[in-house]
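Peer 1: Could you have a look at this structure, given as structure tokens, before my questions?
Numbering (full-length UniProt numbering), first residue to last: 1 to 84.
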């Protein structure tokens, strides 16, 4: 799996498949809100950060991810089917 890194607020990094996109909310009550979209444009994960915590809300059943709290790294194990 070819990956890329997304730096987000409060020192967190998201590592995901190279064809995943991340979008950030830039205004409003919670600007530290992100949505990850897969290669089909489907939302797969919402991420919310603040000074002391991170909240992950998967939007797809069975999304596999790992959180390394010490290094502030979230790894998403989601990749296209072989026929895509």
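Every residue gets a Cβ at the ideal spot worked out from N, C-alpha and C, and that includes glycine.
1) How close, in whole Å, do the beta carbons of residue 59 and residue 46 come, if the pair is a contact with beta carbons under 8 Å?
2) Within the continuous beta strand (DSSP E) that includes residue 37, where are the two ends?
3) Give the single residue among 5, 39, 13 whose Cα lies nearest to the Cα of residue 19.
4) Starting from residue 17, trace the beta strand (DSSP E) both ways and give me its first and last residue.
5) Can you name the residues that DSSP bridges to residue 68?
Peer 2: Straight from the coordinates:
1) 7 Å
2) 33-37
3) 39
4) 13-17
5) 73
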